[in-house]
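Asks: Numbering (my numbering), first residue to last: 91 to 370.
Cβ atoms here follow ideal geometry from the backbone N, Cα and C, with glycine treated the same way.
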Amino acid sequence: MQGPACSAAPPRPLPLRERAFPRATLGCPVLDDLLHGGLPCGSITEIVGESGVGKTQLCLQACLSVQLPRERGGLEGSSVYIYTEGDPPVKRLCELVERRVRRQLSHGSLPPLDNVLIDCDIASPKDLWVCINQLPNVIKGSSMRMPVRLVMIDSVANVFRDVSDRPTVTELKERTSMMFRAAAVLKELADRHNLAVLVVNQVADTMQGVNEELQSSGRGVLPSLGLAWSNCVNTRIFASRTGQGLDASRKLQILFSPHLPPAACEYQIRPEGVVGLRTK
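1. Could you check if Val220 is buried or exposed, using at least 16 other CB atoms within 10 Å of its CB as the buried criterion?
2. Report the start-end ranges of each beta strand (DSSP E) in the segment 178-250 that is 3 residues or longer and not cut off at the edges.
3. On the three-state DSSP scale, how would you describe Pro119?
4. Applying the 10 Å Cβ sphere with the 16-neighbour rule, what's the burial state of Glu136?
5. Report buried or exposed for Gln358, applying the criterion of at least 16 other Cβ atoms within 10 angstroms of its Cβ.
6. Counting only the same chain and skipping the five closest in sequence on each side, list residues whose C-beta sits under 6 Å from that of Thr332.
7. What's the gap between the Cα of Ile327 and the Cα of Leu342?
8. In the DSSP assignment, find the unbroken alpha helix (DSSP H) run with Glu261 in it and report its ends.
9. Where do the N-terminal and C-terminal ends of the beta strand (DSSP E) with Ser375 fall, by residue?
10. Determine the burial state of Leu317: buried for a count of at least 16 other Cβ atoms within 10 Å of its Cβ, exposed for fewer.
11. In chain order, what are the residue ranges of uninterrupted beta strand (DSSP E) at least 3 long that sit wholly in the segment 130-157?
12. DSSP on Ser320, reduced to helix/strand/coil?
13. Taking Met242 as the reference, give the member of Ile344, Val365, Glu175 with the closest Cα.
14. What are the boundary residues of the beta strand (DSSP E) that includes Pro352?
15. In the DSSP assignment, find the unbroken beta strand (DSSP E) run with Gly308 in it and report its ends.
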């Protein structure tokens, strides 16, 4: 029998079309146009793509842009960055602070890094479950400073993917169950506190000739964690790359969303962050 900490209601549908949720800018007009204003509050947005395509760069940019004044597209809020890939990219975050947001913040506001809460001690599904269940207290405790308006997990795949060659049926069931419970809590928090949730997912190569609809670096790929996780997110954005080095081009593509039509835009990773490119 599962204890209280392991029981949670299954994900419930949220009336996205019946409520007007605010959106948090990504700090780039082209990217904001792709998302019809930015990251939507009240739901889970996923960015999926191969390593090196810029997923973490987008997360860092989002956790700074959400602090901006509302007249600049921000939500005047702080962020929680749950990083599962080892040492968090704090150096790059500091670079973005200097290049992007310091001059745009309201006079008298806290230093930008003080509004980014980072948790990087996450190595297993249970670690992530404990962390997610601490979020209500973190959100409540933020009321005296900038309220939490963005929660990010980078990445969910690193926590939930199979690490053993032959997982047992019980292990697979436990992993899937915890994945559903984590998504349910995140959706509930997003809805109740009117905040945005951004999660990063990885891709796996497909067999040649098998479902090669998604292409990145010249090969067919599929989002990690399968159909079970796909049903946990509201919006999926695919980040892909063509070519290598200086000749590489990158593209963001809306794969599915209840409030966005299919669309895409190319982008570049520059010293000042991720910049979308206008179509000529």
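Replies: For this structure:
1. exposed
2. 206-209, 238-244
3. helix
4. buried
5. exposed
6. Ser339
7. 7 Å
8. 259-283
9. The structure shown does not extend to residue 375, since the chain spans only 91 to 370, so no value can be given for it.
10. exposed
11. 134-139
12. helix
13. Glu175
14. Pro352 -> no beta strand (DSSP E), and no H or E assigned at all.
15. Taken as a continuous stretch (DSSP letters only), Gly308 belongs to no beta strand (DSSP E), as it is neither H nor E.
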